[in-house]
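First up is the structure itself, then whatever we jot down about it.
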Amino acid sequence: MAPILTIIFQRSLDTGIVPKDWQHAIITTAFKKGPKSKPSNYRPISLTNIASKLMEHIIVSNTMDYFDTHNKIALSNTDSGQNTAVRLNSLASHRK
1432 MAPILTIIFQ
1442 RSLDTGIVPK
1452 DWQHAIITTA
1462 FKKGPKSKPS
1472 NYRPISLTNI
1482 ASKLMEHIIV
1492 SNTMDYFDTH
1502 NKIALSNTDS
1512 GQNTAVRLNS
1522 LASHRK
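In our numbering, each number is its position in the sequence shown, counted from 1, plus 1431.
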């Protein structure tokens, strides 16, 4: 499975085109706490393709490692416990 994903990832990076299946998500809700009858006790989540999540994680990890290793930006407020979106937002905020 890994060799196939490697080919797909590389082709996507080379062409700048992401497979169509990776561009869609199923939006659903996840219960937080409190009465289940209150809509405010739910949060939206998006279920995306696992291959796209893996590629996103690889890109973010490599990008963060590069910037950290080369002292391009201070990443002290990002840690491995943060999700990808938070890490990307942190990276993007340093570019402004």
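Glycine is no exception: its CB is placed at the ideal position from the N, C-alpha and C atoms. Note that the coordinates shown come from a computational prediction; the quantities given were computed from them, not determined experimentally.
Legend entry - Distance between beta carbons of A1461 and R1474, contact taken as under 8 Å: 6 Å
Inset, instruction - Locate the beta strand (DSSP E) running through P1475, then write down its first and last residues. - result: 1473-1479
Inset, instruction - Evaluate contact between the region 1495-1503 and the region 1477-1486, counting only Cβ atoms and requiring at least three cross-stretch pairs below 8 Å. - result: no
Inset, instruction - To the nearest angstrom, report how far apart K1463 and L1478 are at their CA atoms. - result: Each residue's alpha carbon lies about 17 Å from the other.
Inset, instruction - Mind reading off the beta-carbon distance from S1443 to P1434? Whole number of angstroms is fine, and I expect it under 8 Å. - result: Taking C-beta atoms under 8 Å as the contact rule, S1443 and P1434 fail to qualify, at a distance of about 15 Å.
Inset, instruction - For I1435, name the three-state secondary structure that DSSP assigns. - result: Reduced to three states, the DSSP call for I1435 is helix.
Inset, instruction - Measure the CB-CB distance between I1476 and T1500 and report whether it falls below 9 Å. - result: no
Inset, instruction - Using the Cα positions of M1432 and D1445, report the straight-line distance between them to the nearest angstrom. - result: 20 Å
Inset, instruction - Please report how far the alpha carbon of Q1441 lies from the alpha carbon of N1502, in whole angstroms. - result: Each residue's Cα considered, the two are about 27 Å apart.
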